[in-house]
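Take my numbering: the final residue in the sequence shown is number 406, and no numbers are missing along the way. Written out below as structure tokens is the structure these notes cover.
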Amino acid sequence: GKEKGNKIMTKKLKKQLTELIIFAGIVLWCVFNYNIFFDFIKFVLKLAMPIIVGIAIAFIINVPMKQIERKIFNIDKRKHKKFIRLISLTLSIALIFGILGLILFLIIPEVIEAVGQISRNLPSNFNWVNDISNKAQELYPGFKDYIKNIDVKNILSTSGIHMGNIVNVVVSFLSSTISKIVMFFFGFIIAIYILADKENLARQTKKLLKAFMPDKVSNEVVRIVKLTNVTFTKFLTGQCLDSALTGFEFFIILSIIKVPYALILGVLFAVTALIPYVGAFITLVVGALLVAVSNPINALWYTIAFFALQQFDDNFTYPKIVGKSVGLPALWALVAVLIGGSIFGFVGMIISIPISSVLYTLLIEYVNYKIEKKTNKTIDI
26 GKEKGNKIMT KKLKKQLTEL IIFAGIVLWC VFNYNIFFDF IKFVLKLAMP IIVGIAIAFI
86 INVPMKQIER KIFNIDKRKH KKFIRLISLT LSIALIFGIL GLILFLIIPE VIEAVGQISR
146 NLPSNFNWVN DISNKAQELY PGFKDYIKNI DVKNILSTSG IHMGNIVNVV VSFLSSTISK
206 IVMFFFGFII AIYILADKEN LARQTKKLLK AFMPDKVSNE VVRIVKLTNV TFTKFLTGQC
266 LDSALTGFEF FIILSIIKVP YALILGVLFA VTALIPYVGA FITLVVGALL VAVSNPINAL
326 WYTIAFFALQ QFDDNFTYPK IVGKSVGLPA LWALVAVLIG GSIFGFVGMI ISIPISSVLY
386 TLLIEYVNYK IEKKTNKTID I
């Protein structure tokens, strides 16, 4: 019996050593051939991007769809669940596109008016260019002769050489834009299929995890996915509601103090508020520059109104609406936004907070588990 047990232990040990050696070999190969490894990762991500986009779109649409199913149709107590799902999905898509369409309908005329007003104000507001030119001519008498001696033909010929590069950049931009539109279209189709049968997909995914992973690992993966879903849902719902409310408040305040472009700046405030920390800076700088073109005094009033509303939102609105659903300290949140933005751009800034919140929660759980294992006590972080 002991010999048989020793043989089983030896086989298990050999299997574990073999797996460890193979894993170490793969890691070493990836380290020494990191260029090939990263190229492969990029290739896989490029192939999977429509699916990733589809999952992201499905998650966004699922937030209002779930509320419509539960609060309006009470889907858990109805027989025709597929029909209710179809209606809820259609209403959710119509609601999202309706909100986007309404914003564009309100903002486009304002943008056209703002561009026209700025273009009318430019000649009177930039007379300082002539003043600088006159001062330069007074200080440097040869300045006028230098301007006359500029070889315009040479400049034009040089510009013509670079014109081909400009055309290439424009063509590249258009092709990139078209490819993104196509990717969004396929992602939208994939999202509809995901939402139409999300329960079966979830059940099949759980079966796959149980089939290829130990029960402990598969259960932990399911728990982490549920935690991620709850965190993302709370963050997205709270952040959107807070952004819409503060954007509307900003529009009202600017309208009362008669700052121009109130609607544009209110929408800008609402959109950039989706980006924690960084979004406020974007709104402040862009808005102040836009308002200063018409009247610098308005830029001062705009800045005062901005900081007043920002303080009100930070200390009252945001904690009440979003609360501690994210559960991420301010320093970690700021670092997460900066890292997410540098890697994935605008989208990275938005999703970095809930992702970091999930990682932070898991880290706290692991640290408390290790401490409890050593001391049988839990320490709050």
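C-beta: ideal position from N, C-alpha, C; glycine also.
ask   = Excluding the five sequence neighbours on either side, which residues of its own chain have a C-beta within less than 7 Å of the C-beta of L120, listed in chain order?
value = Closer than 7 Å at Cβ, skipping near neighbours: P89.
Return the CA-CA distance between L38 and G373, expressed in angstroms with no decimal places.
Distance between the alpha carbons of L38 and G373: 43 Å.
Open item on the list: Count Cβ pairs between the segment 296 to 310 and the segment 325 to 336 that sit closer than 8 Å; are there 3 or more?
Closed with: Result yes; three or more Cβ-Cβ pairs closer than 8 Å.
Answer yes or no: do L111 and I93 have a C-beta to C-beta separation smaller than 7 Å? No, the Cβ-Cβ distance between L111 and I93 is not below 7 Å.
Quick one: grab the DSSP three-state call for L363. The answer is helix: DSSP assigns L363 an H, G or I state.
Exercise. If you count every other CB in all the chains shown that lies within 10 Å of the CB of A269, and 16 or more means buried, which is it?
Worked result: When all chains shown are included, A269 counts as exposed.
Contact set for F276: own chain, Cβ-Cβ below 7 Å, skip 5 residues either direction: Around F276, the same chain offers A287, L288, G291 as residues with beta carbons nearer than 7 Å, after the five sequence neighbours per side are excluded.
Practice prompt. Quick one: give me the first and last residue of the alpha helix (DSSP H) that F237 is part of.
Written response: Where F237 is concerned, the enclosing alpha helix (DSSP H) stretches over 223 to 237.
What do you get for W153, buried or exposed, if any count of 16 or more other CB atoms within 10 angstroms of its CB means buried? Here W153 scores only 49 on pLDDT, less than 50, and its place in the model should not be relied on; the value that follows carries that caveat. W153 should be labelled exposed.
### Message
Here's the rule: buried if 16 or more other CB atoms are within 10 angstroms of the residue's CB, otherwise exposed. What is I300?
### Response
By the neighbour-count rule (16 or more Cβ atoms within 10 Å), I300 is buried.
Nearest to K283 by alpha carbon, out of L266, A324, V255? For the residues L266, A324, V255, the minimum Cα distance to K283 belongs to A324.
- Enclosing alpha helix (DSSP H) for T342 [first to last residue]: Note, T342: premise wrong, no alpha helix (DSSP H); not H, not E.
Excluding the 5 residues flanking R95 on each side, which residues of the same chain have their C-beta closer than 6 Å to its C-beta? Correct list: empty, nothing qualifies.
Whole angstroms is fine: what's the gap from I364's alpha carbon to S377's? One C-alpha to the other measures close to 8 Å.
Under the rule that 16 or more other beta-carbon atoms within 10 Å means buried, what is V383, buried or exposed?
-> Buried.
Item to check | Beta-carbon gap between W220 and L114 smaller than 7 Å | outcome: For the sequence presented, residue 220 should be read as Leu rather than Trp. In contact: L220 and L114 (Cβ atoms closer than 7 Å).
*Report the three-state DSSP secondary structure of N58 (helix, strand or coil).*
In the displayed model, N58 falls within coil according to three-state DSSP, outside both helix and strand.
Buried or exposed (CB count within 10 angstroms, at least 16 for buried), P285: Buried.
Helix, strand or coil for F84 per DSSP?
-> Assignment of F84 by DSSP, reduced to helix, strand and coil, places it in the helix class.
Q) At which residues does the alpha helix (DSSP H) containing E94 begin and terminate? A) In this chain, E94 is not harboured by any alpha helix (DSSP H), its DSSP state being neither H nor E.
With a threshold of 7 Å between beta-carbons, can I203 be considered close to chain B, or not? No chain B is present in this structure, which holds just one protein chain.
| field | For I77 and F294, the rounded distance between their alpha carbons | value | Looking at the two C-alpha atoms, the distance is approximately 28 Å.
Q. Which runs of the beta strand (DSSP E) spanning at least 3 residues fall entirely within the segment 289 to 327, listed in chain order?
A. Within the segment 289 to 327, no run of beta strand (DSSP E) at least 3 residues long lies entirely inside it.
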